[in-house]
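Under my numbering, think of the first position of the sequence shown as 81, with each following residue one higher. For every residue, glycine included, the Cβ atom is placed at its ideal position computed from N, Cα and C. Taking it in order: structure first as structure tokens, then the write-up.
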Amino acid sequence: MEALGHVEIHIQDYANPGKLKTDTFDIAELRETLTCVEEMLFPDKKQERPMITLQILNGSVIERFTTSLTAVARFSGILALVINLQELHGLDKKTAESFMKLQAYSVKNNRSIALSTSENQSKLKITPESKYDHYDDGAWTETEFFFYGEIVDAGGKSNPNIHLDVPEKGVLTISTKKEILSDQKENLLYKTVGVHAKGKKNIISGDIDVGSLSLIKFIDYVPAWDENYINGLIEKGSKVWSGIDVDTWLDEIRGRE
């Protein structure tokens, strides 16, 4: 059985912390918070996600969401980043939007919210006066990636894509064109392949915006180490970057003067 962890949302009335109780908590508010938590934990994989169970506890209103420890640990890292920066910059777009929805819920219902997890007891506090209501995606830049993994699904009528199971990254959904799939000489399902893709990467955290990935081409899967090939790439890259001040380039990408 997979190890479990939990995420807690402690909700209080902002003006009168002792006023809100479980028997005065409307289901419309419950629905809003349920949606926010699901999107925070699984921004891209709602259909494939593990079960999330809910327990509502007294103490104003405490919602405890139990799910896989892997998902909780990942969210703990996101929570720590937001607590440290006091802003949403550096998050992927969908995760940032889920925090923005929780901020909007706080303002609309005059609620004070404290977010924590079983893996990190530090609390992120969201109130009608906090400012988690905007997101600057200037920290994200378009780049190219190389992934190696097993294709576990491929196709789609209106939005064709492949599902690539990549070690240590999980299953990535990579959009593609029908022509690329139809031109393959063999069925790639359950085959280990190399994929050349493009998408967005956060230059601050190093995170990949998995919702932005699109296929450029399939590449031959060569598991053996080719030192000459690697050295050639290093030499080629060194020439390209030789006249560029990396710090200045990063400042320009981030929009700094």
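Straight across, the Cα-Cα distance linking N311 with W321 is about 15 Å. The C-beta distance from A277 to S262 rounds to 19 Å, too long to fall under 8 Å, and the pair is not in contact. Distance from the CA of P123 to the CA of T175, rounded to the nearest whole angstrom, comes to 6 Å.
Secondary structure within the stretch 249 to 275: the beta strand (DSSP E) runs of 3 or more consecutive residues, fully enclosed, are 250 to 255 (chain order). With at least 16 other beta carbons inside 10 angstroms of its own, G229 counts as buried.
Taking 8 Å as the cut-off, the Cβ atoms of I193 and I89 count as close. In terms of Cα proximity to V275, the closest of D287, N282, I283 and L252 is L252. Secondary structure at G317: helix, using DSSP grouped into helix, strand and coil. Non-local beta-carbon contacts of H86 in its own chain, meaning distances under 8 Å to residues more than five positions away in sequence, involve R144, F145, T146, T147, V152, T197 and S198 in chain order. Spatial neighbours of Y212 in its own chain (CB-CB distance under 7 Å, excluding positions within 5 residues in sequence) are listed in chain order as L168, F179, M180, Q183 and I206. In the structure shown, R111 falls within a helical segment according to DSSP collapsed to helix, strand and coil. Judged by DSSP in its simplified three-state form, T175 adopts helix.
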